[in-house]
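Same order as they appear, the protein sequences are chains A and B. Residue numbering for the first sequence follows the numbering used here, starting at 35 and increasing by one per position. Residue numbering for the second sequence follows the numbering used here, starting at 3 and increasing by one per position. C-beta: ideal position from N, C-alpha, C; glycine also. Beneath this line is the structure, given in structure tokens, with notes to follow.
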Amino acid sequence: MSAEQQVEELIRGPQYARAQTDKEALLAPLLCGLCRDVALRCPPYARFLERLGRDAASWRTMLDIPPLPAAMFKRFLLSAVPPEQVVRQLQSSATTGQQPSRIVVDKTTAFRQSRALVSILKEHIGPQRRPLLVLDAPQSVAEGESLTARGAAVRGLQNFAAETVFAMQPSASGDLEPDWGQVQDFQARHAQRPVLVFGFTFVVWTRLVVEAQRRGLRFALPGAILLHSGGWKRLTAEAVSKQEFTRQAALVLGCRPEAILDFYGMVEQVGTVFVDCEAGNKHAPAFADVLLRRPGSLEPAQIGESGLIEVLSALPTSFPGQAILTEDEGLLVGVDDCLCGRKGRYFRFLRRVEQTEPRGCGDTFGQGNKREAHL
Amino acid sequence: MSVLRITPNGSQQAGESLQPLLAALRGQRASLAQVPINRLLALCDDFSRRLLRDDRTRGLEGIAFLSAWLGSRNLQQFLEFNLNGDLRYLDGFVLCGNRYLAARPQGLVAMWLPGNVPTLPIFALVPTLLAKNVCLVKVASADAPGLDRLLAVLEESEAGGLCGRDLLATTAVVWFDYHDRRLNEEMSLAADAKVIWGGEAAVRAIIALPRQEHCVEIVFGPKYSIGVISRGRAQAAEGLDILIADFVRDVAAFEQRTCSSPQTIFLERNQRYPLQQVGQMFAQCLARLPQKLALDAYTTVQILNARAQWALDDSREVIASTDGANWTVCMDRQVSLKEAVQSRTVFLTEVQSWQEVIGLLSPRVQTVGMAFADPAEAIAFAEAATGAGVARCVRPGLMNNYESPWDGKLLVSQLVRWVTLKP
Numbered sequence: 035m036s037a038e039q040q041v042e043e044l045i046r047g048p049q050y051a052r053a054q055t056d057k058e059a060l061l062a063p064l065l066c067g068l069c070r071d072v073a074l075r076c077p078p079y080a081r082f083l084e085r086l087g088r089d090a091a092s093w094r095t096m097l098d099i100p101p102l103p104a105a106m107f108k109r110f111l112l113s114a115v116p117p118e119q120v121v122r123q124l125q126s127s128a129t130t131g132q133q134p135s136r137i138v139v140d141k142t143t144a145f146r147q148s149r150a151l152v153s154i155l156k157e158h159i160g161p162q163r164r165p166l167l168v169l170d171a172p173q174s175v176a177e178g179e180s181l182t183a184r185g186a187a188v189r190g191l192q193n194f195a196a197e198t199v200f201a202m203q204p205s206a207s208g209d210l211e212p213d214w215g216q217v218q219d220f221q222a223r224h225a226q227r228p229v230l231v232f233g234f235t236f237v238v239w240t241r242l243v244v245e246a247q248r249r250g251l252r253f254a255l256p257g258a259i260l261l262h263s264g265g266w267k268r269l270t271a272e273a274v275s276k277q278e279f280t281r282q283a284a285l286v287l288g289c290r291p292e293a294i295l296d297f298y299g300m301v302e303q304v305g306t307v308f309v310d311c312e313a314g315n316k317h318a319p320a321f322a323d324v325l326l327r328r329p330g331s332l333e334p335a336q337i338g339e340s341g342l343i344e345v346l347s348a349l350p351t352s353f354p355g356q357a358i359l360t361e362d363e364g365l366l367v368g369v370d371d372c373l374c375g376r377k378g379r380y381f382r383f384l385r386r387v388e389q390t391e392p393r394g395c396g397d398t399f400g401q402g403n404k405r406e407a408h409l
Numbered sequence: 003m004s005v006l007r008i009t010p011n012g013s014q015q016a017g018e019s020l021q022p023l024l025a026a027l028r029g030q031r032a033s034l035a036q037v038p039i040n041r042l043l044a045l046c047d048d049f050s051r052r053l054l055r056d057d058r059t060r061g062l063e064g065i066a067f068l069s070a071w072l073g074s075r076n077l078q079q080f081l082e083f084n085l086n087g088d089l090r091y092l093d094g095f096v097l098c099g100n101r102y103l104a105a106r107p108q109g110l111v112a113m114w115l116p117g118n119v120p121t122l123p124i125f126a127l128v129p130t131l132l133a134k135n136v137c138l139v140k141v142a143s144a145d146a147p148g149l150d151r152l153l154a155v156l157e158e159s160e161a162g163g164l165c166g167r168d169l170l171a172t173t174a175v176v177w178f179d180y181h182d183r184r185l186n187e188e189m190s191l192a193a194d195a196k197v198i199w200g201g202e203a204a205v206r207a208i209i210a211l212p213r214q215e216h217c218v219e220i221v222f223g224p225k226y227s228i229g230v231i232s233r234g235r236a237q238a239a240e241g242l243d244i245l246i247a248d249f250v251r252d253v254a255a256f257e258q259r260t261c262s263s264p265q266t267i268f269l270e271r272n273q274r275y276p277l278q279q280v281g282q283m284f285a286q287c288l289a290r291l292p293q294k295l296a297l298d299a300y301t302t303v304q305i306l307n308a309r310a311q312w313a314l315d316d317s318r319e320v321i322a323s324t325d326g327a328n329w330t331v332c333m334d335r336q337v338s339l340k341e342a343v344q345s346r347t348v349f350l351t352e353v354q355s356w357q358e359v360i361g362l363l364s365p366r367v368q369t370v371g372m373a374f375a376d377p378a379e380a381i382a383f384a385e386a387a388t389g390a391g392v393a394r395c396v397r398p399g400l401m402n403n404y405e406s407p408w409d410g411k412l413l414v415s416q417l418v419r420w421v422t423l424k425p
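Right under this line is the structure:
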């Protein structure tokens, strides 16, 4: 079976059925081969592997693949396909003054990302299409060559959507404003049905939950599943815990707290998402895996230890996304024995990596406020 | 929010206000002012010997240098250099030309310290005490590593009837949350002199605190340091590997976290050693260093980002340890000061001439580890570098040796009030 066929089969099949050992035996050689193939078509990545990766021909396990830091997609446009094969460019939501990550997507990758998201979500929310309420503005998925991670997620979810309703609109200041009329209309038409609600975590909190509570609004969507992702750093800064978020969101939407599902994903790995299971853990789908690496040594963390999250995925063909090291820390909870019944390695997201060690009087730039063009 | 006092017996709660501590310190001013300077030096000398003998302190990072620095001969020279050549000014009026001069304490010195160098509190405290100031020191971390042990050994030191315990009564080392504006203001308003060590954010915040009109502010702010290897030195008969070993010693000390640690090292292009080969030599030397202590996630990410950025770029090269994020040598020819990653991450940049480096220098660049074969060329470089704002041009291997002047300042000279008598 060719690599392409293997990947297709992994995307189509059950996502959490394989024990970790079997999964690694299948996925490791596939990923190693995919990396080598991408390196042939992406000279910067080839240089990266040559300089930091030891002998690629000697790789045997996923640990042998040198992970590419996610930050490199902010710095370099890493493409393994010629420009005419790029169907879109995905961009992260950059903060002011920061360069966003840019990911080039060809037809194969786009198709796989979309199918992969469907396969994953089917195993969490079931296969049936349902009305989708997007807690974002329509502009987030506007047609064009560039798309944010949020937009890509919405497009992926529209594969589940019987209809899509956008609950926000951009205000004059560029912020998002809830369109309460749309939400109430959505409720009126679909209150007794299973529905899907999606939003960026920080947007859900600040623009829906807080604003609804300020107005004394409560909705009745008992069949709703809320999928949300990203923005935890800002919520942590506002002292909003995951439990509090879940409780308040369920109150406002009128749904079960168990139906509030956080998922971990990133623009550098669109399609590869890690959804909270019933036990509150995140599982890697069949075509992907996760490693947690100890800071310093980069050795794999043991069960119960935290480490830097590395996401491995067989999906991308147009960019070197087979092994991405994030700037997030996670806790390795277990392998193959989650209470939810799903197999494989499973983890919990802990935090974004932040500077904690004192830097003191060492000036990182040597030029005060003038930022050197570096990282 | 409360105050923690760090004592020889560990950390103790010290209430919600600094006022009781400040009052106690002010009560010690008169008696400290009467202690002869030679007795203070003798006490420091005893302290220096004990540091190397005592099990509690002899394993602390940087202790050998601290001990040597505290020796009475060194401190005497240090004081003489700071005090117009005569440390008797600290004990009273000394005839100087046609008048008398004395160096009186400023009074109560308030000091804010960063957490990157474990022995820094002692380097900061001792000059202040030798100038006979009582001192309130705020450390950056509630568990400043080893500080209680250093204070314990100081407490047990004695010489000429003066005990370390008596000296410690003139000092309070505290910690409180740096967000606590009220406590920071209390500290600032009580001070006759403020000494501020830290990064940009800390310095700006502390300078902005209200203070008394006469209060002197002494700032050791954010700094960056570099190395320069001239063509002549690279091509010299004397081994380049020895020079590189000296630089690596500077890199390894305090895991490159200090203001005097070299971050970018500039190499003049030469006939004998291409950039890649010099990089390899640095790599071999770094590989011989003892294993680092546990590394935090943030620094690990910064190291891996730097490695990847250099590896992806076809105009750059990188050599990295294969045992995790241990050490890294990043090489290029882009003439710039690279963002410091620290933790054994060396940026090696080849230049056509050291003249290209001068344009990068400013008062933000503290120390240049300079390696020149030609003394005249070395002087020319130092003239240009110090003219641009650099404070120190020293041999590699000596970059982290705390000395006077530091950051262009004679610290003790600023910790005293020069008074005159002309009867």
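What span of residues does the beta strand (DSSP E) with residue i cover, start to end?
i	result
W408(B)	No beta strand (DSSP E) contains W408(B), which DSSP labels as neither H nor E.
S69(B)	That residue, S69(B), is in no beta strand (DSSP E); its alpha helix (DSSP H) goes I65 to L72.
M202(A)	M202 to P204
W93(A)	No beta strand (DSSP E) holds W93(A); DSSP gives it neither H nor E.
S263(A)	A258 to S263
Check each candidate in the options and name the one with the smallest Cα separation from residue i.
i	options	result
K134(B)	P224(B), Q278(B), Q30(B) and D47(B)	Q30(B)
L45(B)	A393(B), A255(B) and C165(B)	C165(B)
L166(A)	A258(A), A348(A) and T351(A)	A258(A)
T172(B)	L156(B), R183(B), H181(B) and R184(B)	L156(B)
R167(B)	D179(B), F178(B), L152(B) and V176(B)	L152(B)
A187(A)	F234(A), Q54(A), R70(A) and V217(A)	F234(A)
Grouping DSSP H, G and I as helix and E and B as strand, with all else coil, what is residue i?
i	result
E202(B)	helix
F374(B)	coil
G402(A)	Since pLDDT at G402(A) reaches only 41, below the 50 mark, its modelled position is unreliable, and the value read off the structure follows with that caveat. G402(A): coil per DSSP, three-state reduction.
G375(A)	coil
S232(B)	coil
R184(B)	helix
P107(B)	strand
H158(A)	helix
S340(A)	strand
R251(B)	helix
Q226(A)	coil
K141(A)	helix
W214(A)	helix
K108(A)	helix
Counting contacts by CB-CB distance shorter than 9 Å, is residue i in contact with chain B?
i	result
E388(A)	yes
S126(A)	no
E302(A)	no
Y79(A)	yes
By Cβ distance below 7 Å, which residues in the same chain neighbour residue i in space, the five residues on each side in sequence not counted?
i	result
G399(B)	D248, R251 and D252
A380(B)	M372 and F374
L26(A)	With chain A covering only 35 through 409, there is no way to say anything about residue 26(A).
D48(B)	S159, E160 and A161
I154(A)	Q49, V307, V309 and P319
E187(B)	L211 and P212
Leaving out five residues before and five after residue i in sequence, what residues of the same chain have Cβ atoms less than 6 Å from its Cβ?
i	result
R309(B)	V320, A322 and T330
A73(A)	Y79, A80 and L83
C374(A)	C311, E312 and A313
G281(B)	I321, V331, M333 and L350
L291(B)	A254
Looking only at its own chain, which residues have a Cβ that is under 8 Å from the Cβ of residue i, when we skip the five neighbours before and after it?
i	result
R252(A)	A246, L285, V286 and G288
M35(A)	E43
P224(B)	G200, G201, E202, V205, C261 and R366
D140(A)	V115, Q119, V120, V121, T351 and S352
Terminal residues of the continuous alpha helix (DSSP H) containing residue i?
i	result
C287(B)	L277 to A289
I45(A)	A37 to R46
Considering only heavy atoms of the ligand MG, does any lie closer than 8 Å to the CB of residue i?
i	result
L34(B)	With respect to small molecules bound, the structure shown includes none, and the ligand MG cannot be examined in it.
Can you find a C-beta in chain A that's less than 9 Å from the C-beta of residue i?
i	result
L291(B)	no
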